[in-house]
Amino acid sequence: MSKKRVLIIGAGGVGRVVAHKCAQAHETFSHVTLASRTKSKCDAIAADVKKSTGIQIDTAAIDADDSKATAALIRSSKSDLVINVALPYQDLTIMDACLDAGVNYIDTANYEPLDDAKFEYKWQWAYREKFEKAGLMALLGSGFDPGQTNIYCAHALKHHFDQIDTVDIVDCNAGSNGLPFATNFNPEINIREVTANGRFFRDGQFHETKPMAISTDYDFPGVGVKKMFLLYHEELESLSQNIPGVKQMRFWMTFSQNYLTHLEVLQNVGMTSIKPIIYEGREIVPLQFLKAVLPDPGALGAKTVGKTSIGCVFTGKKDGKTKHYFIYNICDHEECNEETGAQGVSYTTGVPAMLGAKLVAEGTWLKPGVWNIEQLDPDPFMKEIGKWGLPWEDKVLTENVLAAVEH
Ligand code: NDP
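What follows is the structure in structure tokens.
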């Protein structure tokens, strides 16, 4: 295999981890370029990467909303593939740029229009034919959730079940940063996600709930009992199509009471709105203004202690018998910071982004078209991911306690 040149777009918390990991994977990536709107952020990350790996990466300024400029950067950096860890708003312009420049595409979050808090895969799935015809690949959702949890589903389907009936994705960040209110990934995207209505899949269709209306306690490995809330998350859309015959799929995430209280106040005073308002003669979007005053998630690395614990709980049939199965990863915020200068949420997203790109670059996963990550063979990912920092553990359960949670 010839080594490949990779372009990473987005120098936030996740971009920092991807840059470190691509530099570490120098047997696959001969050259790394990191580009973002603000070049100084790329330079700071490049200096850290050099210090910890000895590898020099290039940096560039780019506005990825500009597809032509992005294609020009792909060409001038001679990149073979692009890892998009900017914001979901840039997905389509970066996919256009990849088609224009003739390179493969990897991301971690699906497209969302700026003026409508509505994430769906339909916009990116509409590129299937274009990528197929060009002989290029777009790999969607190569983060943790979506990402590693989708691979857990593919692994469960391949190795543990003849039929999966229910899936509960359980996501706990038990980290603490000592700040009164901070989100652990981009605040704008995070708040758009948690203030939206909840939704779950059951019997062939999605059912809607009020935001945060359904909750239950769950005993997370490595962390203990936490209250988690039912949210809609983008992977439910692709997984409900890619796990044949699945009857129910839900996504749960933990939030502290402190986080929820702050969020409620911000919502009550209108600060989470995405409708533009006129402030002193100028149009501003309240949520974007709020993002500007909240802590930068990329700067929380040194402040965050504790663990993340994220996994999938399955019920289904194997050899005619009912089976319950749990697979998960536990990740320590301080260890992530020590290695990459980022907290665990950026780390758990950035490591699968690099590994997805690596498996595409090496040809293992490479196939033309637009693919959600669970459509690829889980085995090479499951074999390698531990070595890159996110080892998985699993157990067959005697019962699925979440099966009893009714709503
Ligand atoms: P940050 O806000 O920390 O970083 C985003 C970066 O994108 C910023 O550095 C910003 O640039 C850059 N950016 C924004 N707009 C543009 C643009 N037009 N052109 C070029 N660069 C741009 O976010 P995170 O690092 O926390 O998250 C990155 C992505 O990862 C998001 O899409 C998020 O949804 C996704 N994610 C996925 C998860 C998963 O498990 N699948 C979990 C967590 C996050 P600058 O600062 O230079 O202005």
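Sequential numbering from 917 applies to the sequence shown in our numbering.
For each residue, glycine too, the CB sits at the ideal point set by N, CA and C.
- Within the same chain, no residue comes within 7 Å of Ala988 by CB-CB distance, once the 5 residues on both sides are set aside.
- If you keep only unbroken beta strand (DSSP E) runs of at least 3 residues inside the segment 1185-1221, you get 1193-1195, 1198-1200.
- In this structure, the CA atom of Val1276 is about 46 Å from the CA atom of Ile1194.
- Every unbroken stretch of the beta strand (DSSP E) spanning 3 or more residues and falling wholly within the segment 1072-1119 is given here in chain order: 1079-1089, 1114-1118.
- Taken from the Cβ of Ala980, at least one heavy atom of the ligand NDP lies inside 6 Å.
- With fewer than 16 other beta carbons inside 10 angstroms of its own, Val1185 counts as exposed.
- The beta carbon of Gln1259 sits no closer than 6 Å to any heavy atom of the ligand NDP.
- In this structure, Gln1183 keeps its C-beta atom at 7 Å or more from the C-beta atom of Thr1082.
- Distance from the CA of Lys1283 to the CA of Pro1096, rounded to the nearest whole angstrom, comes to 46 Å.
- Under the Cβ criterion (8 Å, minimum of three pairs), the segment 1262-1270 counts as touching the segment 922-930.
- Here DSSP, grouped into helix, strand and coil, assigns Thr969 to helix.
- Within the segment 939-967, not a single complete alpha helix (DSSP H) segment reaches 4 residues in length.
- The three-state secondary structure of Leu1292, taken from DSSP, is coil.
- At a threshold of 6 Å, Val930 counts as near the ligand NDP, since its beta carbon sits closer than that to one of the ligand's heavy atoms.
- Secondary structure note for Gly1232: its beta strand (DSSP E) is the uninterrupted segment 1223-1234.
- For His1240, the secondary structure class from DSSP, reduced to helix, strand or coil, is strand.
- A direct Cα-to-Cα measurement between Val1019 and Leu1313 gives close to 43 Å.
- Per the C-alpha coordinates, the member of Glu1315, Thr975, Thr969 positioned closest to Val922 is Thr975.
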